[in-house]
Amino acid sequence: MSAVRTPQKHFAPLAIGAPEPYRALPVRLERMIHFVPPHNEKIRSKIKDIAADVDVVLGNLEDAIPVGDKEAARRGFIQMALENDFGQTGLWTRINCLNSPWMLDDVTEIVREAGNKVDVIMLPKVEGPWDIHYLDQLLAQLEARHKVTRPILIHAILETAEGVKNVEAIAAASPRMHGMSLGPADLAASRGMKTTRVGGGHPDYTVLADADGDVAAARARYQQDLWHYTVGRMVDACLSYGLKPFYGPFGDFSDGPACEAQFRNSFIQGCLGAWTLHPSQIAIAKRVFSPDEKEVAFARRILEAMPDGTGAVMIDGKMQDDATWKQAKVIVDLARLVAT
Ligand code: GLV
Ligand code: MG
Numbered sequence: 001m002s003a004v005r006t007p008q009k010h011f012a013p014l015a016i017g018a019p020e021p022y023r024a025l026p027v028r029l030e031r032m033i034h035f036v037p038p039h040n041e042k043i044r045s046k047i048k049d050i051a052a053d054v055d056v057v058l059g060n061l062e063d064a065i066p067v068g069d070k071e072a073a074r075r076g077f078i079q080m081a082l083e084n085d086f087g088q089t090g091l092w093t094r095i096n097c098l099n100s101p102w103m104l105d106d107v108t109e110i111v112r113e114a115g116n117k118v119d120v121i122m123l124p125k126v127e128g129p130w131d132i133h134y135l136d137q138l139l140a141q142l143e144a145r146h147k148v149t150r151p152i153l154i155h156a157i158l159e160t161a162e163g164v165k166n167v168e169a170i171a172a173a174s175p176r177m178h179g180m181s182l183g184p185a186d187l188a189a190s191r192g193m194k195t196t197r198v199g200g201g202h203p204d205y206t207v208l209a210d211a212d213g214d215v216a217a218a219r220a221r222y223q224q225d226l227w228h229y230t231v232g233r234m235v236d237a238c239l240s241y242g243l244k245p246f247y248g249p250f251g252d253f254s255d256g257p258a259c260e261a262q263f264r265n266s267f268i269q270g271c272l273g274a275w276t277l278h279p280s281q282i283a284i285a286k287r288v289f290s291p292d293e294k295e296v297a298f299a300r301r302i303l304e305a306m307p308d309g310t311g312a313v314m315i316d317g318k319m320q321d322d323a324t325w326k327q328a329k330v331i332v333d334l335a336r337l338v339a340t
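Letter by letter, the sequence shown follows residues 1 to 340 of full-length UniProt numbering.
Structural data, given as C-alpha cells:
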C-alpha cells in the first residue's frame, strides 16, 4: 500500500459554495503544540494528564535534547506513543534535522514501531521543497512497508533565511503538508540578527515618537514586533495552499504577558496556535487562540444583520459588507469549534 496522495483537508469551507480562498476554519483545534522531552521518565509517567489538558502533545527529539540523550528521547517517544491512548489529542514528534546523524533512525524507528499512532512529524530547518520531497518519499516507503493505514503529515519549521525565501514552494511541496511554524530562535541565528533569545521582541528594536520640533525632549520608544514580516509571509503561503500557520516558541517563561502579546499578534495575523514549552504557557495559548467573547458577540451581530452574507449595513457606526461578513464567519465558526 502506498501513501494516500490526495490533498489533506485542514480547513472546512466557510459556507456552502464559499470560494476556495475563504477556507479559514480549521477542522481540528491545535491551539497549543505542547513540547515534552520524551527521555524524561517523570514526564512520560504524567503524559496522560498532560495530554488531557492540551490539543497536541509533541515529543521533542531535536534542539534542547542533549546529544547523549538522542536515542533515549526517540525510544521514550515510541514507548509513550505505544503505551497511551491520546484520544482527541494530537500526537506529534519533532525529529532531528535532515543532515543530522539521528534523522534517519528517528523516522525509520518511529514509523516502524509507532507509525499508526503518530499524526504529524515536525521537520526542523526546512530550506526548500526538496527537504519536504525527501521526507515525503521516505514516509511513503516506510508506511507501505509497515502497513501504516493513515498518512503521517509533515509540519515544517520556518527557521532559516533560505526557508523564508522559499516559503511558498515549501507550502506547495506535498499533499502531506499540514502546516508551518515560525522558529524565531534559529531564524534569528540564520539571519545574523543581533539577539540572544527565543522569540518575542527586543528592547532596542523600537521607533521613537515624533519629536514635534523639540528634538531634545524625552521621546517615547515603541517596541516593534520583530516577527511581523515572517509571520505575514508564512500565513499567506499557508492559507493559499490550505495549510495551517503557527507561531513557534516563546522562551522567557517568566514573562507571561509578553508571551501572550506575541501569541496574540500571531493569532490576529492568522495563526491558529503556538508552541508551549512550559506548563504556564498552556492556559495562555488556550486563551489567545480561542476567540474573545466580545469579538464573537460582535461577529454574531454582523452575521445576523446580513443573513445571506451580501449587501452593506451599519453597526455601531461601522460599515459592514460581504468582506466583513466573511471575517465574522471565521470568528464565529472558530468559537463554535472551541465550544464543541
Ligand atoms: C525553534 O525551533 C526555534 O528555533 O525558534
Ligand atoms: Mg529551531
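Each residue gets a CB set at the ideal place from its N, CA and C atoms; glycine is no exception.
Because the structure is a prediction, the values reported are computed rather than measured.
Nearest by alpha-carbon distance to residue i: which of the options is it?
i, options, result
"Leu-303", "Arg-28, Ala-323, Leu-277", "Ala-323"
"Gly-163", "Ile-152, Val-148, Ile-132", "Ile-132"
"Glu-113", "Lys-125, Gln-79, Gln-137", "Gln-79"
"Val-231", "Asp-55, Arg-264, Ile-65, Val-207", "Arg-264"
"Asp-53", "Gly-59, Arg-233, Pro-291, His-34", "His-34"
"Trp-92", "His-146, Ala-258, Met-319, Glu-30", "Glu-30"
"Ala-339", "Leu-239, Val-296, Gly-192", "Val-296"
"His-155", "Asn-99, Arg-75, Leu-243", "Leu-243"
"Asp-55", "Ile-47, Met-32, Met-180, Ile-65", "Met-32"
"Lys-46", "Val-27, Gly-76, Asp-69", "Gly-76"
Are there 16 or more other CB atoms within 10 angstroms of the CB of residue i, so buried, or fewer, so exposed?
i, result
"Gln-88", "exposed"
"His-10", "buried"
"Asp-119", "buried"
"Glu-293", "exposed"
"Gln-224", "exposed"
"Glu-143", "buried"
"Val-266", "The amino acid at residue 266 is misidentified as Val; the sequence shows Ser. With 16 or more other Cβ atoms within 10 Å, it is buried."
"Gly-179", "buried"
"Asp-333", "buried"
"Glu-159", "buried"
Can you tell me which of the three DSSP states residue i falls into?
i, result
"His-228", "helix"
"Arg-75", "helix"
"Pro-21", "Residue confidence is low: Pro-21 scores 43 on pLDDT, short of 50, so the model does not pin down where it sits. Its coordinate-derived value is still stated next. Reduced to three states, the DSSP call for Pro-21 is coil."
"Ile-331", "helix"
"Lys-165", "helix"
"Lys-318", "strand"
"Trp-92", "strand"
"His-202", "coil"
"Arg-221", "strand"
"Trp-102", "coil"
"Pro-175", "coil"
"Ala-245", "The residue asked about is misnamed: residue 245 is Pro in this sequence, not Ala. In the structure shown, Pro-245 sits in a strand (DSSP, three-state: E or B)."
"Asp-63", "coil"
"Ala-285", "helix"
Measure from the C-beta of residue i to each C-beta in chain B and report whether the shortest distance is under 8 Å.
i, result
"Asp-316", "Of the chains in the structure shown, none is chain B; there is only one protein chain."
* To do: Could you say if the segment 264 to 284 and the segment 38 to 46 meet the contact criterion of at least three C-beta pairs nearer than 8 Å?
  => Touching, no, given that fewer than three Cβ pairs across the two stretches are closer than 8 Å.
- Query: Below 8 Å, can you find three or more Cβ-Cβ pairs linking the segment 244 to 251 to the segment 178 to 195?
  - Reply: Yes, they touch.
Q) Below 8 Å, can you find three or more Cβ-Cβ pairs linking the segment 138 to 146 to the segment 163 to 173? A) No, because fewer than three Cβ pairs between the segment 138 to 146 and the segment 163 to 173 fall closer than 8 Å, the two stretches do not touch.
TODO: Mind the definition here: the segment 309 to 319 touches the segment 278 to 286 only if three or more C-beta pairs lie below 8 Å; say whether that holds.
DONE: Taking 8 Å as the limit for Cβ pairs, the verdict is that the segment 278 to 286 does not touch the segment 309 to 319.
task = Give every residue whose Cβ lies closer than 7 Å to any heavy atom of ligand 1, listed in chain order.
result = That gives Asp-63, Pro-124, Ile-157, Glu-159, Gly-183, Pro-184, Ala-185, Asp-186, Leu-187, Val-198, Gly-199, Gly-248, Pro-249.
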